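Student: Residue numbers (the working numbering): 6 to 264.
This structure is in structure tokens; I'll ask about it shortly.
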Amino acid sequence: MTEFVRLEVESGVGTIRLDRPPMNAVNRQVNIELAQIASEAAQREDVRAVVVYGGEKTLAAGADVKEMADLTYAQMAARSRELSHGFGAVSEIPKPTVCALTGYALGGGFEIALSCDRRIAGDNATVGLPEILLGIIPGGGGTQRLARLIGPAKAKDLIFSGRFVKAPEALELGIVDEVVAPDEVLSRATAWAGQFANGPTRAYAAAKAAVDRGLGMDLRDGLDFESEVFAALFGTEDQVIGMRSFIENGPGKAQFLGR
Numbered sequence: 006m007t008e009f010v011r012l013e014v015e016s017g018v019g020t021i022r023l024d025r026p027p028m029n030a031v032n033r034q035v036n037i038e039l040a041q042i043a044s045e046a047a048q049r050e051d052v053r054a055v056v057v058y059g060g061e062k063t064l065a066a067g068a069d070v071k072e073m074a075d076l077t078y079a080q081m082a083a084r085s086r087e088l089s090h091g092f093g094a095v096s097e098i099p100k101p102t103v104c105a106l107t108g109y110a111l112g113g114g115f116e117i118a119l120s121c122d123r124r125i126a127g128d129n130a131t132v133g134l135p136e137i138l139l140g141i142i143p144g145g146g147g148t149q150r151l152a153r154l155i156g157p158a159k160a161k162d163l164i165f166s167g168r169f170v171k172a173p174e175a176l177e178l179g180i181v182d183e184v185v186a187p188d189e190v191l192s193r194a195t196a197w198a199g200q201f202a203n204g205p206t207r208a209y210a211a212a213k214a215a216v217d218r219g220l221g222m223d224l225r226d227g228l229d230f231e232s233e234v235f236a237a238l239f240g241t242e243d244q245v246i247g248m249r250s251f252i253e254n255g256p257g258k259a260q261f262l263g264r
């Protein structure tokens, strides 16, 4: 059992809920629990898509600085990869993921949001990577994921300055994909995830792997990897169902089994 992170499943959508009042500060226990719950969401067959949510007030206000303040270099060196793995655990879920973001998502909280495939924010949302103000840098994937998302120059501006970004600018920069009223954030994210609840699960996983892993390759290697995962789908039941349904009934009518 976990104390601060839980998985709630309904109609094929798994919601990973962060719940460490008052601001969901991410200490080591939350980090470990997030990795555990993300692994559970990845493995459960009744979870077809995932929403990450921290509640109405905040996603997560960042790492627990009090827990880190007195660590030595040797102690942090032993934990830094664990830290990165926990904050980025959602990115390893081979299913569509979306962050429902209200209030603050700062530091590690923002890194959790960046690990999702999509981000839907309330118009009250504030994001940022203020680690530089503590004399450190983002250590949970922020330097890598943000630069890949909005480009190195814009990412460096946010990382060097540590400034907070409000929802309208975050949308303009491409940090978030949609801005809605705060009380609509969770329902909008759940609706986005819900469209995949009865889809071809293995094809979603293949598409996600092709994009995410391909970004770390040159074009030639990326194309080769795409060919491999494309061909592998011809060993799935959903490929047979999808193509037969298309031939017999036209597009968009297949009843997939998720295998």
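For glycine and all other residues, C-beta sits at the position ideal for the given N, C-alpha and C.
Treat the numbers as computed from the prediction; the structure is a model and nothing was measured.
From Thr107 to Gly60, what distance separates their C-alpha atoms?
Tutor: What you label residue 107 is simply residue 102 of the sequence shown in a count that begins at 1. What you label residue 60 is simply residue 55 of the sequence shown in a count that begins at 1. Approximately 7 Å between the Cα atoms of the pair.
Student: Quick one, are the C-beta atoms of Phe230 and Asp243 less than 8 Å apart?
Tutor: Numbered from 1 along the sequence shown, position 225 holds the residue referred to as residue 230. Numbered from 1 along the sequence shown, position 238 holds the residue referred to as residue 243. No, they are not a contact pair.
Student: Can the beta-carbon of Glu38 be found closer than 8 Å to that of Val10?
Tutor: Along the sequence shown, read from residue 1 onward, the residue named residue 38 stands at position 33. Along the sequence shown, read from residue 1 onward, the residue named residue 10 stands at position 5. Yes; because the gap between Cβ atoms is below 8 Å, this pair is in contact.
Student: Name the two residues that bound the continuous alpha helix (DSSP H) containing Thr206.
Tutor: Position 201 of the sequence shown, counted from the first residue, corresponds to residue 206. Taken as a continuous stretch (DSSP letters only), the alpha helix (DSSP H) holding Thr206 covers Thr206 to Gly219.
Student: Thinking C-beta only, is Leu151 closer than 8 Å to Leu163?
Tutor: Translated into the one-based positions of the sequence shown, residue 163 becomes position 158. Translated into the one-based positions of the sequence shown, residue 151 becomes position 146. Yes, the pair counts as a contact, with Cβ atoms nearer than the cut-off.
Student: Where does Gly91 sit, in a helix, a strand or coil, going by DSSP?
Tutor: Position 86 of the sequence shown holds residue 91. In the structure shown, Gly91 sits in a helix (DSSP, three-state: H, G or I).
Student: Might you give, ordered along the chain, the residues of its own chain that have their beta carbon closer than 7 Å to the beta carbon of Phe115, omitting 5 neighbours on each side?
Tutor: Working through the sequence shown from its first residue, we reach residue 115 at position 110. The residues are Val132, Gly133, Leu134 and Gly147.
Student: Going by CA-CA distance only, name the one from Gly145, Asp128 and Gly112 that's closest to Ala94.
Tutor: Stepping through the sequence shown from its first residue, residue 94 is reached at position 89. When each option's Cα is compared against that of Ala94, the closest is Gly145.
Student: Please give me, in chain order, every unbroken run of the beta strand (DSSP E) with length at least 3 that falls completely inside the stretch 110-174.
Tutor: Within the stretch 110-174, the runs of beta strand (DSSP E) that reach at least 3 residues and sit entirely inside it are, in chain order, 123-127 and 131-133.
Student: Going by beta-carbon coordinates alone, are Gly67 and Val103 separated by less than 8 Å?
Tutor: For the purposes of this step, residue 67 is taken as residue 62 along the sequence shown, with counting starting at 1. For the purposes of this step, residue 103 is taken as residue 98 along the sequence shown, with counting starting at 1. Against a cut-off of 8 Å, the Cβ pair of Val103 and Gly67 comes out as no contact.
Student: By the 10 Å Cβ neighbour count, where 16 or more other Cβ atoms means buried, how is Arg249 classified, buried or exposed?
Tutor: Position 244 of the sequence shown holds residue 249. Sixteen is the threshold: since fewer than 16 other Cβ atoms of the shown chains lie within 10 Å of the Cβ of Arg249, the residue is exposed.
Student: Mind reading off the beta-carbon distance from Ala118 to Leu191? Whole number of angstroms is fine, and I expect it under 8 Å.
Tutor: For the purposes of this step, residue 118 is taken as residue 113 along the sequence shown, with counting starting at 1. For the purposes of this step, residue 191 is taken as residue 186 along the sequence shown, with counting starting at 1. The pair is not a contact, with the Cβ atoms about 14 Å apart (cut-off 8 Å).
Student: Check Ile180 in the structure and name its three-state DSSP category.
Tutor: Within the sequence shown, the letter at position 175 stands for residue 180. In this structure, Ile180 counts as coil in the three-state DSSP scheme.
Student: Hey, Ala130 and Ala79: beta-carbon distance below 8 Å or not?
Tutor: As a working mapping, residue 130 is identified with position 125 in the sequence shown. As a working mapping, residue 79 is identified with position 74 in the sequence shown. No, the pair does not count as a contact, with Cβ atoms beyond the cut-off.
Student: Leu12 bridges to which residues according to DSSP?
Tutor: Taking the sequence shown and counting its residues from 1, one reaches residue 12 at position 7. Note: Leu12 sits in a beta bridge opposite Ile21.
Student: Taking all protein chains shown into account, decide if Glu136 is buried (16 or more other Cβ within 10 angstroms of its Cβ) or exposed.
Tutor: Residue numbering aside, residue 136 sits at position 131 when the sequence shown is read from its first letter. Glu136 should be labelled buried.
Student: Which partner residues does Tyr58 have in the DSSP bridge list?
Tutor: The residue you call residue 58 lines up with position 53 of the sequence shown. Arg22 and Ala105, per the DSSP bridge assignment.
Student: So for Val70, helix, strand or coil by DSSP?
Tutor: In the sequence shown, counting from the first residue as 1, residue 70 sits at position 65. Note: Val70 maps to helix in three-state DSSP.
Student: Who are the near neighbours of Ser16 in its chain, counting only those whose CB is closer than 8 Å to its CB and skipping five residues on each side?
Tutor: The sequence position of residue 16 within the sequence shown is 11, counting from 1. Closer than 8 Å at the Cβ level, and outside the excluded window around Ser16, lie Gly199 and Ala202.
Student: Classify Lys100 as buried or exposed, calling it buried when 16 or more other Cβ atoms lie within 10 Å of its own Cβ.
Tutor: In the sequence shown, the residue the question calls residue 100 occupies position 95. Lys100 comes out buried.
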